[in-house]
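Report on the following structure.
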Amino acid sequence: MKIKNLFLLIATFVFIMSCDTNSEYETVSVAKAEYMTLDALRSSAKITSPIPIVESGKIYAYNNLVLINDIDNGIHIIDNSNPENPVKIAFIKIVANKDMEVKGNYLYADSLMDLLVFDISNINDIQEVARLKDVFPGYITLPFIDNLVVDYGENGYNSGEVIVGWNITEEQRLIEDRSNDYTNGGVVFDTALASASAESTGQGGSLARFKIVDDYLYAVDSHNINVFYIDNLESPVELKDIHAGFDIETIFNKENLLFLGSMSGMYIYDISSPATPEFISEFQHGTACDPVVVDDNYAYITLRAGNFCGAFESSLEIVDVSDIYNLELVKSYSMDNPYGLGVKDNLLFICDGTSGLKVYNKSDVENLEHIKTFKNITAFDVIPMENNLLLIGDNTLFQYSYSNNSLDLLSEYHLN
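As numbered in mature numbering (1 follows the signal peptide of the UniProt record, and there is no 0), residues -23 to -1, 1 to 393 make up the sequence shown, in order.
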């Protein structure tokens, strides 16, 4: 009997100790930095046959091509001659790539701190023709994960190396050691792509950071408008950057104006003197992720709350920009988790994340008419083309035709 009681006592003690030990740990997401030497980075771009996509990003349309960014990996080239049957034809491997723009068969793309230029006049023989070094800030954005621990490794940066990505894992870590993540190689963050003339440009989505207007390429980073003169398409010239604010995310062009979406508001710049954009006005809102598109009189801004974005409520805000010096909020509409958006004629398209694609009639902006929601898709961004709508989301390219003030599905093309 005494032996039995002794075993029970020992088992109870072990259980208590186990509970105490487990209580000292928690599961955290860890972003471990992936490094590459500058020499390796700058010799890594190459053209390959089509490959499965890892994570779809931004979208761009040029002639009969659709270009889709594979976040930090490169650009997938799709033959869209038949929108009902798109076909992947090539992949351009570009480390740390997120954005792209095309003019006259020259593709401009970022690779961390560099600007790359590719000749795509022969889609079967794409060539890298130029690289402007150190023209952008050389950092990789962290994933939007709550309570993320960032691990730069035991030795951190080595001379000649750059971070080109993050490897996300889940680990058990001592709670009492979490404070060390601020100083021992890691920091804790609480974070929430038809025939045409040789000089034609393509069309990007609302989440684009690159925009070509005439002979100039404008590329925004978190603080600046980076300006490039591209009269000679294969040899861009870097001009003086224009400081434009903080947390800038997107760029949209309407006539001689640039509309910049930031986490704190919308900035308007005049490009009548294209080499030196001039600040005109701004519309401020609460901290949130913020792309913007514009029609004749109104700017449409989606504000995404939560995680890295900061705000508590997601919404669509419509701003009267008929007088660009006196911007006025017309109305705000509640949304679930909006990303990109687009306008065509009287139609407004909202990519509301996992809630799908929402289509509205915007004839009366103070009383938007909800036409339809395309559910069971994850909508990231759209490009309203002349005859059809392109949508990217969750590694899938959707295409719709315009029909009776709504949309009909043409194709659903899975990229992975």
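For glycine and all other residues, C-beta sits at the position ideal for the given N, C-alpha and C.
Within 7 Å, strictly: CB atoms of residue i and residue j
i, j, result
"residue 84", "residue 6", "no"
"residue 15", "residue 133", "no"
"residue 107", "residue 211", "yes"
"residue 328", "residue 307", "no"
"residue 282", "residue 298", "no"
"residue 225", "residue 236", "no"
"residue 279", "residue 315", "yes"
"residue 335", "residue 350", "yes"
"residue 77", "residue 67", "no"
"residue 228", "residue 258", "no"
"residue 65", "residue 27", "yes"
"residue 296", "residue 260", "yes"
"residue 2", "residue 119", "no"
"residue 57", "residue 43", "yes"
"residue 91", "residue 104", "no"
"residue 220", "residue 201", "yes"
"residue 294", "residue 311", "no"
"residue 317", "residue 130", "no"
Boundaries of the alpha helix (DSSP H) in which residue i is found, first to last residue
i, result
"residue 15", "15 to 18"
Sequence-distant residues of its chain with Cβ nearer than 7 Å to residue i (five each side left out)
i, result
"residue 178", "79, 80 and 189"
"residue 292", "280, 309, 310, 311 and 312"
"residue 319", "183, 270, 326, 359, 360 and 361"
Spatially closest choice to residue i from the options, by CA coordinates
i, options, result
"residue 149", "354, 59, 322 and 4", "4"
"residue 378", "187, 366, 228 and 151", "366"
"residue 75", "64, 48 and 141", "48"
"residue 397", "348, 375, 222 and 271", "Any answer about residue 397 is impossible in this case: the structure gives the chain only from -23 up to 393."
"residue 348", "385, 371 and 313", "385"
"residue 187", "321, 36, 362 and 343", "36"
"residue 71", "61, 141, 58 and 112", "141"
"residue 218", "312, 381, 376 and 113", "113"
"residue 389", "21, 59, 22 and 41", "59"
"residue 99", "54, 8, 305 and 341", "54"
"residue 243", "223, 115 and 22", "223"
"residue 364", "355, 255, 346 and 383", "383"
"residue 102", "46, 25 and 109", "25"
"residue 370", "331, 387 and 380", "331"
"residue 393", "255, 20 and 33", "33"
"residue 82", "41, 253 and 184", "41"
"residue 381", "355, 337 and 357", "337"
"residue 357", "251, 45 and 13", "45"
"residue 213", "344, 69, 93 and 10", "93"
"residue 143", "21, 73, 194 and 88", "73"
"residue 273", "305, 322, 255 and 249", "322"
"residue 346", "252, 353 and 324", "324"
"residue 110", "18, 341 and 52", "18"
Terminal residues of the beta strand (DSSP E) in which residue i lies
i, result
"residue 88", "83 to 88"
"residue 362", "Looking at the DSSP string, residue 362 is not in any beta strand (DSSP E), and its letter there is neither H nor E."
"residue 97", "Careful: residue 97 lies outside any beta strand (DSSP E) and carries neither H nor E."
"residue 51", "51 to 56"
"residue 116", "Here residue 116 belongs to no beta strand (DSSP E), and DSSP marks it neither H nor E."
"residue 148", "138 to 151"
"residue 79", "77 to 80"
"residue 22", "Run containing residue 22: none; DSSP gives neither H nor E here."
"residue 67", "64 to 70"
"residue 37", "33 to 39"
"residue 210", "Unbroken run through residue 210: none, as it is neither H nor E."
"residue 107", "104 to 109"
"residue 189", "187 to 190"
"residue 200", "Where residue 200 is concerned, there is no enclosing beta strand (DSSP E), given that its DSSP letter is neither H nor E."
"residue 177", "Neither: residue 177 is in no beta strand (DSSP E) and is coded neither H nor E."
"residue 183", "It is not in any beta strand (DSSP E) - residue 183 carries neither H nor E in the DSSP assignment."
Proximal residues to residue i (C-beta, below 6 Å), its chain only, five neighbours per side dropped
i, result
"residue 180", "38 and 360"
"residue 50", "31"
"residue 208", "192"
"residue 238", "226, 227, 267, 268 and 269"
"residue 184", "35, 227, 268, 317 and 358"
"residue 23", "70"
"residue 290", "282"
"residue 375", "368 and 389"
Cut-off 8 Å between Cβ atoms - residues of its own chain near residue i, not counting five sequence neighbours on either side
i, result
"residue -23", "Reliability of the predicted coordinates at residue -23 is poor, the pLDDT of 49 falling under 50, and the value obtained from them is presented with this limitation in mind. Here the set comprises nothing."
"residue 198", "113, 114, 186 and 225"
Of all the alpha helix (DSSP H) runs that stay within the bounds of the region 294 to 374, which reach a length of 4 or more residues? none
In chain order, which continuous runs of the beta strand (DSSP E) of length 3 or greater are located wholly inside the region 212 to 281? 225 to 231, 234 to 239, 242 to 247, 255 to 261, 269 to 271 and 275 to 280
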